[in-house]
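Heads up, the thing below is written out as structure tokens.
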Amino acid sequence: MSKQNKLRIIPLGGLGEVGKNMTAYESGSDILIVDTGIMFPENDMLGIDYIIPDFDYLLDKVDRVVGIVITHGHEDHIGAIQHVLNVIPAPVYATPLTIGLIEAKLARNNALGRASLNTVQAGQCVQLGAFQVEFFHICHSIPDAVGLGITTPAGLIIHMSDFKFDHTPVDGWPTDYAKLAELSNRGVDLLLSDSTNSERPGWTPSEMVIGPALDIVFDSAPGRIIVASFASLISRMQQVSDASVRHNRKMAFVGTSMVDNAKIARKLGYLKVPDDTLVPIEQALTMDPKKVVLMCTGSQGEPSSIIGRLSAGTNRHFDLRTGDTVVLSSHPIPGNEESVSRAINRMLRRGADVIYDAIAPIHVSGHASQEEQKLLFNLVKPKNFIPIHGELRQLKRHAYLAKQVGIPEENILVVENGEVVELVNGKLKKGERIPGGYVFVDGQSIGDIDHGVMREREKLARSGIFLIDLNVDKYSGRLLGEPEILTRGFLSPDDAEELLPEVRKRIMDIVNGGGLSAEKDIAGAVKSFLYNETKRRPMVFVTLSKT
Ligand SMILES: [Zn+2]
Ligand SMILES: [Zn+2]
Numbered sequence: 009m010s011k012q013n014k015l016r017i018i019p020l021g022g023l024g025e026v027g028k029n030m031t032a033y034e035s036g037s038d039i040l041i042v043d044t045g046i047m048f049p050e051n052d053m054l055g056i057d058y059i060i061p062d063f064d065y066l067l068d069k070v071d072r073v074v075g076i077v078i079t080h081g082h083e084d085h086i087g088a089i090q091h092v093l094n095v096i097p098a099p100v101y102a103t104p105l106t107i108g109l110i111e112a113k114l115a116r117n118n119a120l121g122r123a124s125l126n127t128v129q130a131g132q133c134v135q136l137g138a139f140q141v142e143f144f145h146i147c148h149s150i151p152d153a154v155g156l157g158i159t160t161p162a163g164l165i166i167h168m169s170d171f172k173f174d175h176t177p178v179d180g181w182p183t184d185y186a187k188l189a190e191l192s193n194r195g196v197d198l199l200l201s202d203s204t205n206s207e208r209p210g211w212t213p214s215e216m217v218i219g220p221a222l223d224i225v226f227d228s229a230p231g232r233i234i235v236a237s238f239a240s241l242i243s244r245m246q247q248v249s250d251a252s253v254r255h256n257r258k259m260a261f262v263g264t265s266m267v268d269n270a271k272i273a274r275k276l277g278y279l280k281v282p283d284d285t286l287v288p289i290e291q292a293l294t295m296d297p298k299k300v301v302l303m304c305t306g307s308q309g310e311p312s313s314i315i316g317r318l319s320a321g322t323n324r325h326f327d328l329r330t331g332d333t334v335v336l337s338s339h340p341i342p343g344n345e346e347s348v349s350r351a352i353n354r355m356l357r358r359g360a361d362v363i364y365d366a367i368a369p370i371h372v373s374g375h376a377s378q379e380e381q382k383l384l385f386n387l388v389k390p391k392n393f394i395p396i397h398g399e400l401r402q403l404k405r406h407a408y409l410a411k412q413v414g415i416p417e418e419n420i421l422v423v424e425n426g427e428v429v430e431l432v433n434g435k436l437k438k439g440e441r442i443p444g445g446y447v448f449v450d451g452q453s454i455g456d457i458d459h460g461v462m463r464e465r466e467k468l469a470r471s472g473i474f475l476i477d478l479n480v481d482k483y484s485g486r487l488l489g490e491p492e493i494l495t496r497g498f499l500s501p502d503d504a505e506e507l508l509p510e511v512r513k514r515i516m517d518i519v520n521g522g523g524l525s526a527e528k529d530i531a532g533a534v535k536s537f538l539y540n541e542t543k544r545r546p547m548v549f550v551t552l553s554k555t
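The opening residue of the sequence shown carries number 9 in my numbering; numbering runs sequentially from there.
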């Protein structure tokens with residue numbers, strides 16, 4: 009066996025979690041990267057904008073990276089591109105819409121000049137070092153998504169990123185079944201495929217069901233319609249535009265990312281909105297409410313999004329008003345259910361009607377359900393299988409489905425981020441472990457925030473803070489006045505009035521009694537006193553100056 013006949017698969021993100029998809033393939037000295045996504049922070053990750061994959065493994069191998077291939081334009085696949093290109097300036101390959109969205113993202117971050125962006129059409133093939141990459145069209149919730157056939161010295165791989173088998177997609181361009189069959193005939197050594205919906209039986213409904221559901225909403229809305237979705241859900245923009253035309257309403261995109269993406273998709277021909285249907289937001293706000301549709305971000309209830317601000321009454325441009333109909337056209341990402349639910353309640357309180365996917369089919373998933381996943385196995389007939397894109401339970405479920413359709417158990421490997429897999433002589437085996445964790449991005453700072461900082465922020469948010477400022481005589485060690493105390497997020501004013509005199513007295517007894525004189529000891533004593541009194545543990549800080 010020559011050394012070249014080994015393929016290493018390095019899962020850097022998206023395995024064991026939802027989001028920040030990134031995989032590296034290593035054949036001999038050549039490395040191919042597929043996708044560079046981000047993940048949105050969970051509720052307890054305070055102050056974090058987003059999370060990128062830990063790609064430390066690649067840092068001493070930058071010269072060996074022959075290319076970065078991106079499967080489609082969703083944030084969990086392109087979001088980290090500027091961070092990756094910063095350290096790995098390899099050429100990027102993707103279809104026209106995906107390149108357009110990457111271009112806009114790089115331009116917003118002043119990183120466009122250095123990037124080598126290469127447009128590939130679905131159906132084309134690119135040789136990148138040891139990897140021959142064939143791009144083939146697949147259906148998803150954004151146009152121009154592709155799966156990849158990757159021929160390597162160790163065998164033929166199919167990298168099936170997000171997909172669904174929709175026979176009536178919005179853009180009329182179904183998955184390239186013929187290509188999948190052709191790859192299958194050549195003999196597929198390894199399939200990697202999207203596990204997002206592996207717990208969902210049956211078939212994912214076609215995008216087509218949304219049209220009639222939107223018609224019902226448009227027919228009955230007494231005033232403005234505000235549709236919230238993701239800025240990259242271009243298919244949904246198309247459907248809202250089509251409904252606007254059918255119901256004789258004008259449409260405005262709201263928010264930078266929404267406006268930018270719509271512009272790119274229209275320019276490239278992936279979004280067809282008639283010129284006389286589209287109006288700027290300023291104009292839309294002055295029009296008859298019954299003639300207007302606004303499309304904006306915030307379907308996940310994110311506080312900084314337009315829907316988040318509308319629900320809180322803090323949007324600059326315009327407010328919600330009675331008679332508005334808000335359509336949340338997406339499914340909450342796991343972990344976001346709470347904030348979505350809060351936003352819905354707040355908007356109802358402001359007099360708007362809110363339509364969400366639990367009460368009307370105004371959203372369908374972009375991911376294959378169990379029957380589609382099984383069809384893919386039967387179509388591709390892979391010798392080996394690695395489930396990707398999903399939490400561990402979804403990966404496990406996907407592995408179970410593979411076994412059901414007859415892929416031998418020993419040919420299926422469930423791994424999480426950082427667990428290297430090797431394909432040698434047609435067989436999978438586990439390799440070493442490499443870092444595969446989170447890198448937090450917080451404003452301009454990347455990766456400087458560690459889990460310790462996150463824990464501190466969580467503690468501050470959960471329990472509040474208690475600051476004590478003491479001034480003591482440097483000779484006698486006795487207090488020169490009452491301790492000054494400042495608390496935030498810990499006590500109500502009434503409770504404070506009751507408790508603070510006691511805390512002050514306790515501190516004076518301790519310090520003047522000569523018992524404790526170090527700041528951290530005083531803090532410790534105060535902490536246990538506060539815990540005894542309130543059963544809560546705020547962060548306690550003591551500053552002590554000697555005069
Ligand atoms: Zn996607
Ligand atoms: Zn995805």
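Note that CB positions come from ideal geometry on N, CA and C, so glycine has one too.
What is the rounded straight-line gap between the Cα of residue i and the Cα of residue j?
i           : j           : result
residue 412 : residue 387 : 15 Å
residue 360 : residue 299 : 17 Å
residue 364 : residue 147 : 23 Å
residue 166 : residue 191 : 8 Å
residue 84  : residue 46  : 5 Å
residue 471 : residue 548 : 10 Å
residue 324 : residue 262 : 12 Å
residue 399 : residue 24  : 4 Å
residue 97  : residue 41  : 12 Å
residue 9   : residue 168 : With a pLDDT of only 45 at residue 9, under 50, the local geometry of the prediction cannot be trusted, and the value read off the model is given with reservation. So the two alpha carbons sit approximately 28 Å from each other.
residue 151 : residue 144 : 13 Å
residue 267 : residue 302 : 11 Å
residue 543 : residue 505 : 17 Å
residue 337 : residue 437 : 42 Å
residue 341 : residue 334 : 19 Å
residue 405 : residue 219 : 32 Å
residue 65  : residue 348 : 36 Å
Spatial neighbours of residue i within its chain, please: CB distance less than 6 Å, with the 5 preceding and 5 following residues excluded, ordered by chain position.
i           : result
residue 44  : 30, 88, 89 and 92
residue 11  : Residue placement at residue 11 is poorly supported in this model, since its pLDDT is 46, which falls under 50; the coordinates still yield a value, given next. Cβ within range, chain order: n/a, list empty.
residue 226 : 251 and 255
residue 18  : 32 and 428
residue 514 : 537
residue 124 : 99
residue 196 : 164, 166, 388 and 390
Buried or exposed: where does residue i fall if 16 or more other Cβ atoms within 10 Å of its Cβ makes it buried?
i           : result
residue 540 : exposed
residue 67  : exposed
residue 224 : exposed
residue 384 : buried
residue 37  : exposed
residue 240 : buried
residue 175 : exposed
residue 113 : buried
residue 394 : buried
residue 417 : exposed
residue 496 : exposed
residue 105 : buried
residue 414 : exposed
To which residues of the same chain is residue i closer than 7 Å at the C-beta, ignoring the five residues directly before and after it?
i           : result
residue 295 : 258
residue 480 : 486, 487, 488, 519, 552 and 554
residue 439 : 16, 428, 429 and 430
residue 279 : 242, 245, 246, 270 and 273
residue 202 : 168, 169, 170, 171, 375, 376, 396 and 397
residue 72  : 37, 38 and 39
residue 288 : 260
residue 314 : 262, 263, 304, 305, 306 and 323
Where DSSP assigns a beta bridge to residue i, which residues make up the other side?
i           : result
residue 479 : 553
residue 41  : 32 and 76
residue 392 : 198
residue 19  : 31
residue 163 : 160
residue 496 : 473
residue 255 : Paired residues: none, contrary to the question.
residue 411 : DSSP output for residue 411 lists no bridge partner at all.
residue 446 : 61
residue 135 : 140
residue 305 : 237
residue 441 : 427
Ordered along the chain, which non-local residues of its own chain (more than five positions away) have a Cβ less than 8 Å from that of residue i?
i           : result
residue 139 : 33, 35, 38, 40, 74, 75, 158, 159 and 160
Please list, in chain order, all residues with a C-beta atom less than 5 Å from at least one heavy atom of ligand 1.
82 and 170
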